[in-house]
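Have a look at the structure below before the remarks.
Residue numbers (the numbering used here): -11 to 63.
In structure tokens form, the structure reads like this:
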């Protein structure tokens, strides 16, 4: 069951990874796989992935047929 958190409907990735509950994911909180693309996801270059950046990433993934997109899990 997903929980809301940090202004993100359903919570999801941000709620799970935001260990210090500051509403954003730091490079230190990010899992190794995310660290590989952290700079790409951190579009404003502040060193954190916030709810808006996480939402934009999710929309890009869905547009490529990722989870919830074509061929992905139904919503």
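Quick reminder that beta carbons are idealized off the backbone N, C-alpha and C, glycines included. Note that the coordinates shown come from a computational prediction; the quantities given were computed from them, not determined experimentally.
Handout entry: Other residues of its chain near residue 13: CB distance less than 7 Å, five sequence neighbours each side excluded
Key = 2, 5, 6, 36 and 37
Handout entry: For residue 40, three-class secondary structure by DSSP
Key = helix
Handout entry: C-beta atoms of residue 29 and residue 42 nearer than 9 Å
Key = Annotated as proximal: residue 29 and residue 42, with beta-carbon spacing under 9 Å.
Practice task
Check whether the Cβ atoms of residue 40 and residue 33 sit closer than 9 Å, and answer yes or no.
Solution key: no
Handout entry: Start-to-end residues for the alpha helix (DSSP H) that takes in residue 0
Key = 0 to 5
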